[in-house]
Each structure stands twice: as structure tokens, then as C-alpha cells.
Amino acid sequence: MDGKADGRKNSRPAGIGTGYLSLMMIFVTLCLTALAALSFSAARNEKKFSARSADYTAEYYAADLEAKRTLAEIDSIVSGCSDYRDFMMLAELDEVSGAEYEILHDGLAVSWKTPINDRQNILCRIKFSAGEFEILSWRTVSSGETEEAPLGVWLGE
Amino acid sequence: MKSPIKSVPAGGRLNLFFMEMIIVLLFFGIASAVILNAFAASDRLSRESGWLERMSFCAQSAAEVFSATGSLSETAEELFGLTVSDSDEVVVPLDEGCVYSPESAALLMTMTVSEDKTEGLMEMHIVFTDGNDESGETLYEVRSGAYLPPKRAVNGIGR
């Protein structure tokens, strides 16, 4: 009995048996591959997000510049006029693209939209009064949103 | 007593084990080369996105200061503490963190101001280029403006 047992013991290979190394290597490689894939995917998403954010910043300031150009144009038309009901001045305002005006009892309100991208605009509203203008609103709105129909959020009233 | 290793027949399991080890090492070498490349690419992407974010913030700050002051020298002083004489263009050397660094310029921020045909409107063009690249490839750019009407007070243009 002992002799047979010794014989079986002696025929076993020394150290790590064949196949264990392959299994360990497959496991380690799979772990490393998963980590590398996760890391690459996270970095790529982060880059995409940064690029989108940076593009949006560039788009916003380009639109802001365009809105200021419109403001300068409107200001040059209205500032030369003392009567805000002047027909010629209002006709000139009509020619400014996208500008809408409203004659108030104490001045003139002009509003216009400048597109940032296909989803958002800068909504500007200014009021001319006594030869000066005041900016009532200079904000980003989504394309579907207007001043009359803002987003359905609670305003605390 | 006989050693267990000697009990393995020559050209048998031991050779098989060594052959397996060689194949495993070869495969592992190739796999780790690919995996290391992936890690290096992730690191590069992450670094690039960090740069882009910082450039964007820096340009945003410059655009806001310029929008309020309409002056390039005031913008440079407010952002980087630089004293600039009356000039239409300023080139600011920045490090990787977008901090003013005249010694090691990883990035170059060029701010150029031009007057628009409309009175009172000024345009600022901010361009970031790689400080180590002589070709001057643009990494990021922003155009912004300031409207300061002559003889008028403007009540805060903001977002």
C-alpha cells in the first residue's frame, strides 16, 4: 500500500503544475485590460466633456460679441433721437435684424435675440430713457423659451 | 531518497512547463505593451482635457474683464499682474496650469484687440498656442467684445 502511494506521490510534477501559469496570466491580463479600458473610456469622456464645454464658451462669447454689435447699432440709431416716437427712428429700428421695440410711457424698450447655437440664444432687453440706456435683461435662454413663456419653474410667488 | 524533480521524465512535463512559461511570457509581454499604450493614451487624453478646461477658464476670465473695462492693459494687469503699455496685442507665457510663467512657457496666450466699425465697440481675439511648437498651431480661441458707448454710462452688461 505504502509503496504504491509513494509511487503516485513521486510522479506528481514539482512546483506549479502545467496550466496554472496560463490561468494566472489570463486572469491578470483580463484585470489589466479591464482597468485600461475603463481608464481610457473615462479619459475619453472627460475630454469630450471638456471640448464641449470649451466650444460652448467660445460660442457664447462669439454670440455675446454679436449681441453687443446689435446693441451698438441700436444705440447709434436711438441715441441720435430725442423723441422715441419718431417715425424715422422707428423705421430704422425695424431694419435691425431681430430687434423688437415697445414704446413705453417713460422711454423705449428694445429686445432682440442672438443665437449661441441651435439650442440656445442670448435674450437682450434694453430700455432707453432720457438719452441713456439701461440693460434690463442679458441672459441665456433655450430656443423654445421666450420672455412671455419662460421655463415652468417656481418663482417664489 | 530521490528528488521529486528527477522523478519527472526528461522531455516530459518539465519541458511542457517551460514551453508554457515561454508562451505565457510572450503573450503577457504583448498584452502589457498594448495595455500600457492604453494607459498612456488615457493619461494624454486626461492631460489634454485639463489643459482645455484651464484654457477655457482663462479665456473666460479675460473676456469678462475685457467686457467690463474695454482695455487690454487692464485685462492683462487684472489677470496676470502684467503692466502693458498701450498696445493692440499682448502675448502672455503661461505654464500648464495657465499661470503666468515667463521662465517656462508651455502655452502662449495672445490677446489682440481691434476696433469695430461701430463706434464704441471693441473686439478681443484670444488665441492659445503651444509654447513648445514653433508652427504655432492654435489650441483654443475665443472672440469676445466690449461695448462702451461714448459719453454714456452703461449699467452693467452681464450674463
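Chains as they are written, first to last, in the numbering used here: chain A, 39 to 195; chain B, 6 to 164.
Virtual Cβ for every residue (Gly too), placed ideally from N, Cα, C.
Check: Along chain A, in chain order, which residues have C-beta atoms closer than 7 Å to that of A46/B?
Finding: F78
Next item on the list: Tell me, please, whether the CB atom of Y105/B is closer than 8 Å to any CB atom in chain A?
Entry: no
Check: By DSSP, does A81/A sit in helix, in strand, or in coil?
Finding: helix
Next item on the list: Ignore the nearest five residues each way along the sequence and tell me which others in P154/B's own chain have a CB closer than 6 Å to its CB.
Entry: G125
Note to self: Within 8 Å, do at least three Cβ pairs link the stretch 102-121 of chain B to the stretch 26-36 of chain B?
What the structure shows: No, the stretch 26-36 of chain B is not in contact with the stretch 102-121 of chain B.
Note to self: Since L103/A and S61/B should fall inside the 8 Å C-beta cutoff, what is the C-beta to C-beta distance between them, to a whole number of angstroms?
What the structure shows: The Cβ separation is near 17 Å, so there is no contact.
Margin query: DSSP has T143/B in a bridge; who is on the other side?
Written below: T143/B is bridged by DSSP to T134/B.
Notebook entry, point to check: Does any residue of chain B bring its CB to less than 8 Å from the CB of T71/A?
Noted result: yes
Next item on the list: Just mark M24/B as buried or exposed, buried being the case when its beta carbon has 16 or more other beta carbons within 10 Å.
Entry: By the neighbour-count rule (16 or more Cβ atoms within 10 Å), M24/B is not buried but exposed.
Check: Cβ of M114/B less than 8 Å from any chain A Cβ?
Finding: no
Margin query: For a cutoff of 8 Å on Cβ pairs, would you count I27/B as touching chain A?
Written below: It does not; no Cβ of chain A falls within 8 Å.
Next item on the list: Check each residue of the stretch 112-138 of chain B: if its Cβ is closer than 8 Å to any Cβ of chain E, include it; give the result in chain order.
Entry: Looking at the structure shown, chain E is missing, and the protein chains on hand are A and B.
Next item on the list: Please name the residues in the stretch 31-44 of chain B whose beta-carbon is closer than 9 Å to at least one beta-carbon of chain A, in chain order.
Entry: Answer set for the stretch 31-44 of chain B: F32, F33, A36, S37, V39, I40, L41, N42, A43, F44.
Next item on the list: Could you tell me which of S79/A, S149/A, G182/A sits nearest to W176/A, measuring between CA atoms?
Entry: S149/A
Note to self: Just list the residues that DSSP pairs S54/B with in beta bridges.
What the structure shows: Beta-bridge pairing links S54/B to no other residue.
Notebook entry, point to check: Measuring CA to CA, which of L142/A, K151/A, A80/A, L146/A is closest to S135/A?
Noted result: K151/A
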